[in-house]
Amino acid sequence: MAMDTASQTAQWHELAQQLRVDSIRATTAAGSGHPTSSMSAADLAAVLLASHLRYDFKHPENPNNDHLILSKGHAAPLLYSMYKAAGAVTDDELLSLRKLGSKFEGHPTPDLPWVDVATGSLGQGLPIGVGIALAGQRLDKRPYRVWVIMGDSEMAEGSVWEAMGRASDEKLGNLIAIADINRLGQRGPTALQWHTEIYAARAEAFGWRAIVVDGHNLDEIEAAYQQAEQGGDRPTMIIAKTKKGSGASLVEDKENWHGKALSKDQAADAIKELGGERHLIVTPPAPPTVDGAPKPAAGKLELPTWELGKKVATRQAFGDALKALGAARPEVVAIDAEVGNSTFTETFDHAFPNRFFQTYIAEQQMVATAVGMSVRHYVPFAATFAAFLSRAYDFIRMSAISQANIRLCGSHAGVSIGEDGPSQMALEDLAMMRAIGGSTVLYPCDANQTAQLVATMADLKGVVYMRTTRAATTVVYGPDETFPVGGSKVLRSSASDAVTLVAAGITIPEALAAADELATAGIAARVIDLYSVKPVDVATLSAAASETGGIVVVEDHWSEGGVGSAVLEGLASAGKPLPKVTLLGVTKLPGSGTPTELIDACGISARHIVEAAKALVK
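Residue numbers (our numbering): 592 to 1209.
Here it is in structure tokens:
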């Protein structure tokens, strides 16, 4: 039933006060949390929930639902209070905030079906929103909008401006950012405080439409939302001047209240000042009932193959396999950070330009786009030089907390890249990817192995990382070989093996050459290709430890955290006495040189492996 403007404004006011009260109640019950950050955005949230967020809370899987990302994730009490106001959660559930076992955690995670991504590491909501908006505009072709509630402090993060640039370049009129400019950060005033004109100028400079409002004037908020919904081909930023702790005189616009719950007595006084408890239920607008783009039929996967003995770079095999995967799986998408001619994602681009996304030199945005695509159930592969993934590490870390399914490929890893020097040599990527919760880390040594693992990656959950090599390497596996995750391949083995050589990727040729040289000296060496760095093949390693005199691990990576660490941790988990183990990795800062020179200078060439093996055997 339609209501007049005054009645509607009164409803918004009551709802906003309820959101404030419930944010106080939940945090006071928890004894911790962020009530004041929640209260500043309550008016913005009330108008959005009641009148603009087209969302069916009973069916969060509805493909036409709008998407709401609370980028200022510490204001989770506000979000959960919105869920209660929508009838999606009970009051008891709301008051379980921050308690062990509760899904209502201190910052939102997708354990709740209405949460797309985990937030709390600031500056990530808008970049991920760009990914979701791109999916809606270019792939789904559905009319959903992406709403991102941001804090003013997080606008100091460079990732926000990566997203701002990409959103305007992509003409994402379906993306609406709501900036809660409440002036106060964690330790005091923000850099720009209430200078909303500066925020507006910056947004306009990045090609956005900026709308400045009083964030506590409900009618101004309504008008801004209506204007934003006519997005056209420009994203919109609503810049709302608010007061932290709005509505409760004890905390309103007061410093030193960030992240502090009110005591029971303080809460009682604040709730009374806000008009008392309310238990309103509102029904948000229904999502549109329209069909999206038809889904193309899946095809048969026909992976490329290469002849034994041929020299092919695994980065090229990655691109060729990704193209084949894209032909068979219409949900596969590729994302590049302006190095597609080196990572070979350009092969996919040439075949499927509508499913290829360019973020340019913005690795944080690249990973965020992948996470956004994952939200919309696409299968994203994002690739760049392995060294530059370190710039996006926090996004990768948060994607695991978001339970996102993303596939990352890092090329040009290790000293084997040669003359470009140490700034381009990823020597820590295996360590950082292994440290991600639930991750899978793969390191193929030849083209056929790479192609098989690319196909496997498509169906793996969580963060999946493949390390590829710049140089061409000899094909050692036939096209019919299989490579299960968590497995390894024994390339040389005999009953008289006196030592085991464990390698992966670029060091496989060195290990094979070392085994040949050791054989001439009468020392039989087992060679294990540890292509699955995580999870690691404990059974094969344990057998080698028992059956041979010791293990030499060789890797083009810092000695800490990579293949050697994976081997030692795997052996330790077997619960048996540890064998003699020698780790050969990069131990000093490399410089420029040819790949052959650097591999030898860093102590990971065949001759160093031979020396280490002989020392172990003695």
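For glycine and all other residues, C-beta sits at the position ideal for the given N, C-alpha and C.
Would you list the residues sitting across from residue i in a DSSP beta bridge?
| i | result |
| --- | --- |
| residue 972 | 925 and 998 |
| residue 949 | 927 |
| residue 660 | 739 |
| residue 775 | 780 |
| residue 1080 | 1120 |
| residue 1149 | 1177 |
| residue 770 | 741 and 830 |
| residue 800 | 827 |
| residue 1055 | 998 and 1031 |
| residue 1142 | 1091 and 1172 |
| residue 1004 | 1017 |
| residue 1125 | 1032 |
| residue 805 | 832 |
Could you tell me the distance, in whole angstroms, from the CA atom of residue i to the CA atom of residue j?
| i | j | result |
| --- | --- | --- |
| residue 664 | residue 766 | 18 Å |
| residue 759 | residue 825 | 6 Å |
| residue 657 | residue 931 | 32 Å |
| residue 1068 | residue 1203 | 27 Å |
| residue 1147 | residue 1130 | 24 Å |
| residue 1095 | residue 717 | 38 Å |
| residue 1064 | residue 1101 | 11 Å |
| residue 674 | residue 689 | 16 Å |
| residue 1057 | residue 655 | 34 Å |
| residue 763 | residue 1145 | 48 Å |
| residue 1021 | residue 808 | 51 Å |
| residue 593 | residue 874 | Confidence at residue 593 is low in this model, with a pLDDT of 48, below 50, so its placement is unreliable and the value that follows should be read with caution. Residue 593 and residue 874: Cα-Cα distance of roughly 13 Å. |
| residue 1138 | residue 757 | 56 Å |
| residue 963 | residue 720 | 6 Å |
| residue 1218 | residue 1107 | Missing from the structure shown is residue 1218; the chain here goes from 592 to 1209 and no further. |
| residue 1143 | residue 1154 | 11 Å |
| residue 735 | residue 645 | 8 Å |
| residue 804 | residue 607 | 17 Å |
| residue 1033 | residue 926 | 19 Å |
| residue 600 | residue 810 | 7 Å |
At which residues does the alpha helix (DSSP H) containing residue i begin and terminate?
| i | result |
| --- | --- |
| residue 964 | 954-966 |
| residue 1107 | 1099-1111 |
| residue 672 | 667-676 |
| residue 1215 | This structure leaves residue 1215 out entirely; the chain is present only between 592 and 1209. |
| residue 1045 | 1038-1048 |
| residue 854 | Neither: residue 854 is in no alpha helix (DSSP H) and is coded neither H nor E. |
| residue 1024 | 1020-1025 |
| residue 939 | 937-942 |
| residue 984 | 984-992 |
| residue 682 | 682-685 |
Considering only the beta carbon of each residue, do residue i and residue j sit closer than 8 Å?
| i | j | result |
| --- | --- | --- |
| residue 672 | residue 876 | no |
| residue 858 | residue 615 | yes |
| residue 622 | residue 852 | yes |
| residue 1019 | residue 1152 | yes |
| residue 1192 | residue 989 | no |
| residue 1061 | residue 1156 | no |
| residue 701 | residue 993 | yes |
| residue 1004 | residue 983 | no |
| residue 768 | residue 828 | yes |
| residue 802 | residue 787 | no |
| residue 724 | residue 737 | yes |
| residue 998 | residue 1048 | yes |
| residue 948 | residue 923 | no |
| residue 628 | residue 835 | yes |
| residue 920 | residue 844 | no |
| residue 739 | residue 631 | no |
| residue 1042 | residue 899 | no |
| residue 981 | residue 1125 | no |
| residue 1098 | residue 1195 | yes |
| residue 715 | residue 959 | yes |
Following the continuous beta strand (DSSP E) through residue i, name the residue where it begins and the one where it ends.
| i | result |
| --- | --- |
| residue 616 | Not the beta strand (DSSP E): residue 616 falls in the alpha helix (DSSP H), residues 596-621. |
| residue 1061 | Careful: residue 1061 lies outside any beta strand (DSSP E) and carries neither H nor E. |
| residue 904 | 902-904 |
| residue 1094 | 1090-1094 |
Query raised in the report: Counting Cβ pairs, one atom from each stretch, are 3 or more of them under 8 Å apart for the region 792-807 and the region 657-671?
Result: no
Query raised in the report: Is the region 852-869 touching the region 607-617 in the sense that three or more CB pairs, one from each, lie closer than 8 Å?
Result: yes
Report task. Evaluate the contact criterion for the region 1022-1041 versus the region 899-914: three or more CB pairs, one atom per stretch, below 8 Å. Result -> yes
Report task. Specify whether the region 1039-1056 and the region 1081-1090 touch according to this definition: at least 3 beta carbon pairs, one from each stretch, less than 8 Å apart. Result -> no
Requested in this report: Please confirm if the region 1106-1121 is in contact with the region 1164-1182, defined as three or more CB-CB distances below 8 Å between the two stretches.
Outcome: no
Requested in this report: Give a yes or no on contact between the region 912-920 and the region 1058-1068, applying the rule of three or more CB pairs nearer than 8 Å.
Outcome: no
Query raised in the report: When the Cβ atoms of the region 722-740 are set against those of the region 1006-1013, are three or more pairs found closer than 8 Å?
Result: no
Query raised in the report: Is the number of C-beta pairs between the region 1181-1197 and the region 1159-1169 that are closer than 8 Å three or more?
Result: no
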